[in-house]
Amino acid sequence: MKDSMSASERIFYRILLLMASLPILFTLPLDVIDIDSAQYAGIGRELVLSNDFFTLIDNGRRYLDKPILTFWTIATSFFFFGIGNIAFRIPAIFLSLLSVYSIYRITILSGGKERQGYLASISYLLAPGVYAMIVDPKIDVYLTAYLVFTYHFYYLGRKQNPNYFYMMYLMMSMGFITKGPISVFIPAISIGGDILFRRDWKLLLSMRLPTGIFVLVSLPALWCYFLYQNFNSYGPVFFLWIQSFGRFYREMYDIKFDPFYFYKSFSWAFFSGLVPMVIYLAFHSYQYIKSLGWKEILRKIRANEYKEVDFVIPFWVFLFLFLISFSRYPLPQYTYWVLPAAALYFGKIMEESLFQSNVARLRPSFLIAGLVYLVGYFLFPVFVSDVGILYYVFGAIGILFILLSAQLIPLEILVTLVGATLFFSAISLEFYPLLTSYQPSREFGSKIKELEPGEPVLYTYWMSNSKRSYGFYAERNFRNIYDKEKLDRLWMEKPERLMILPSEKLTQLQEMAGPDYEIIPVLEKDSYKVATPTISFLKKETRNLVTKKISLVWVKKKQGKSSKNSKV
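Per full-length UniProt numbering, the very first residue in the sequence shown carries number 1; after that it's consecutive.
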C-alpha cells in the first residue's frame, strides 16, 4: 500500500470529512438550553454590555465557578456578530473544526499515514460525545480544543522545531484559564508519563522547561490576581485547587462513587468506534502477553526496549480514564477530554484492520455502530416525531451513497459515516428544534422585549434559578418573587410588570397577591426540562403526559388600591 494518497483519493476523503461535519454545522442556529449553555451566554452578554472585562457577572451577581477565557471568547463573538444563537455557537464550532485539523496533523507527525489522519479526523467528528458537547456548548468543548492544540504543538516541537514547545505551554495556559489545572494534568500524565516510561531524558531537556513554565503560569497568574481582587484569597484557591481536585475528596462534590461510571460514559461517547476498539485491544493484548509472558514484558520495560514506542496517545486515553474513575463527582463530559486521543488511536486501528490486515474477523465489528445509527434514523419518525418526505429522501440518498462508494472505500467506514451523519443531522434539524420548542424562552423573550422594553429585570414566580435562558433571550436579569412583601415593594415603584410562572401556580399567585392585584395572561406554552429528556418525553404518544404549561402574565396593581403590608 502506498504511503501517499492520490489526488482523487484525497478529494474523496475530504468530501467524507465535510459530510461528517454537517451535523455540527447544522447546530449553528439552534437555541441555547438551560442551564449551563444559557448561563454562559448570559455571562458573555453581560461582559459585552459592561466596561469591566475582568469581573464575571452572572445574573447580576459575581461569578466564580469557571475561569474567564470561555466567556471572553463568547463575548468577542457577541461583539462582532451580535448577541444571539449563531454568535454563541460560532466559537465552539470553529475551535472544534480547527481541532479536527490538528488531529489530522498529529497523526502525520506521530508517524501515521495521510489516510490514517483522515480516518482519525472522521472518527472524531462521528463520536457521539463530540456531537453532544457541540450541540450544547459548555466549557468542555473549549478545553478539549486546547488539549488537542497542546498535543499538536508538542509533536511539532518534538518532530520539527523545539521552539514549538512554547506554543504547547501557551495552549496549556489557555486551557488553564478555561477549565483549571486539568489542562496541565492531562498532558503531564500522558506526555510526562511517556517520557518517564521510556526514560527519554534528551526529549525532556529539549522541551524548554524553565522558560516554558513561565509561559504556562502567565495567564493563570493574571487571572488569580483579578480573582483576589474580587474574592480575596478564596478566589485563587478555588480556581487552582478546589474546583478541579476538590472533586476527588471534597464533601460538596461527593455525590456518589462508581468506579465504572466514566468507562460507561466513554462507551456511549465513543460509540462509533467502541466495539472494534475493544475487540482489537483485547485480542492484541492477549496475543502479545501469550507470546511473551509477563516476565519477558517486565524485562523489556526494565531494559527500556520500548524506548522507540510512542505511548503519549494511549496514556492520554487509558491512563486518564483510570485516574478520573476515582472522582466522586461523576459528570459524563469529563470523558470528552479523551475523545481526541481515542479518535487518534482508532484511526490507527482502522488503517491496520481495514487496509493492511488480511484478518477479516474484526471487520464486521466496524459495522455495528453504523447499523445502529441507520436503524435509529428510520425509527425516529415512528417513535419521536412526525417528519416530511424529505427526511426519507435524504435517508435514501445516504444508502445510495453507500452502494455507489463501496468500490472506493471499505463498506465498514461508509456505513458508520453515513449512519452517524444521518442520525446526528436528524437531531440537529428535527429533534433539537422539537426539544427547544418545549423551552419557549426565545419566544417569551421576544414578547417581553416588545411589551416591556428597557426593563433591567424579569420577575418570576416558582421558577428554578436554572432557567437562565429566559433572562438571556429577554436581555435582562431575572429575580424570583417569593412573598407578598417583596411583591408590594416592587409594584409600589411600578404598578404593572410582566412575570413568568408555571401555569399551575397562577391560582397560588393570585391568592398570594390578593384582591389588590389583577393577573392578565399574555402567553402560554408547553414546557419541559429539556436538558434531561426522559423516555416518556421522547415518545410522541406519551409526551403530553410529562409536559407542563408555562405562562407569561401581566401582574397589575389595581388603581386606588394599597396593601396593608406594603413598604415604601
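Note that the Cβ used here is the ideal one computed from N, Cα and C, for glycine as well.
{"Asked": "By Cβ distance, which residues of its chain are closer than 8 Å to residue 421, with the 5 residues on each side in sequence left out?", "Found": "19, 20, 22, 23, 126 and 398"}
{"Asked": "Could you check which residue in 259, 522 and 490 has the C-alpha nearest to that of residue 501?", "Found": "522"}
{"Asked": "Sort 172, 488 and 199 by Cα distance to residue 147 and report the nearest one.", "Found": "172"}
{"Asked": "Report the start-end ranges of each alpha helix (DSSP H) in the region 440-468 that is 4 residues or longer and not cut off at the edges.", "Found": "441-451"}
{"Asked": "Grouping DSSP H, G and I as helix and E and B as strand, with all else coil, what is residue 548?", "Found": "strand"}
{"Asked": "Please state whether DSSP places residue 110 in a helix, a strand or coil.", "Found": "coil"}
{"Asked": "Could you check how far apart the C-beta atoms of residue 106 and residue 155 are, in whole angstroms? I think they sit under 8 Å.", "Found": "6 Å"}
{"Asked": "Classify residue 264: buried if its beta carbon has 16 or more other beta carbons within 10 angstroms, exposed otherwise.", "Found": "exposed"}
{"Asked": "Could you check where the beta strand (DSSP E) with residue 480 kicks off and where it finishes?", "Found": "477-480"}
{"Asked": "For residue 1, which residues of its own chain have a beta-carbon under 7 Å away from its beta-carbon, when the five flanking residues on both sides are left out?", "Found": "Only weak support exists for where residue 1 lies, its pLDDT of 40 falling under 50; the coordinates are left without a value."}
{"Asked": "Between the alpha carbons of residue 563 and residue 46, how many angstroms are there, rounded?", "Found": "Its pLDDT being 46, under 50, residue 563 is placed unreliably in this model, and the value from its coordinates should be taken loosely. Approximately 36 Å between the Cα atoms of the pair."}
{"Asked": "Helix, strand or coil, according to DSSP, for residue 499 in the structure here?", "Found": "strand"}
{"Asked": "For the alpha helix (DSSP H) containing residue 488, name the first residue and the last one.", "Found": "484-493"}
{"Asked": "Relative to the C-alpha of residue 457, which candidate in 206, 405, 498 and 526 has its C-alpha closest?", "Found": "498"}
{"Asked": "Please specify which runs of the alpha helix (DSSP H), each continuous and at least 4 residues long, are wholly inside the region 380-442, giving them in chain order.", "Found": "389-405, 411-426 and 432-436"}
{"Asked": "Please list, in chain order, all residues of the same chain as residue 566 whose beta carbon is under 7 Å from its beta carbon, the five residues on each side excluded.", "Found": "Because the pLDDT of residue 566 is 41, which lies under 50, any placement of that residue in the model is unreliable, and the number read from its coordinates should be weighed accordingly. Cβ within range, chain order: 488, 489 and 492."}
{"Asked": "Can you name the residues that DSSP bridges to residue 517?", "Found": "557"}
{"Asked": "Relative to the C-alpha of residue 44, which candidate in 513, 179 and 87 has its C-alpha closest?", "Found": "87"}
{"Asked": "For a minimum of 4 consecutive residues, which ranges assigned as the alpha helix (DSSP H) are wholly contained in the UniProt domain \"Glycosyltransferase RgtA/B/C/D-like\" (65-217)?", "Found": "69-81, 85-109, 114-125, 128-135, 139-159, 164-179, 182-187, 193-198 and 201-205"}
{"Asked": "For residue 57, does the three-state DSSP call read helix, strand or coil?", "Found": "strand"}
{"Asked": "Whose C-beta lies closer than 8 Å to the C-beta of residue 30 among residues of the same chain, with five residues either side of it excluded?", "Found": "85, 89, 135, 428, 432, 433 and 436"}
{"Asked": "Please look up how many angstroms separate the CB atoms of residue 438 and residue 551, rounded, as I've assumed it's under 8 Å.", "Found": "Not really, about 14 Å apart at Cβ, beyond 8 Å."}
{"Asked": "With a threshold of 8 Å, are at least 3 pairs of Cβ atoms found where one atom belongs to the region 186-199 and the other to the region 226-237?", "Found": "no"}
{"Asked": "Which residues bound the alpha helix (DSSP H) around residue 21?", "Found": "7-25"}
{"Asked": "Less than 9 Å between the beta carbons of residue 277 and residue 346, yes or no?", "Found": "yes"}
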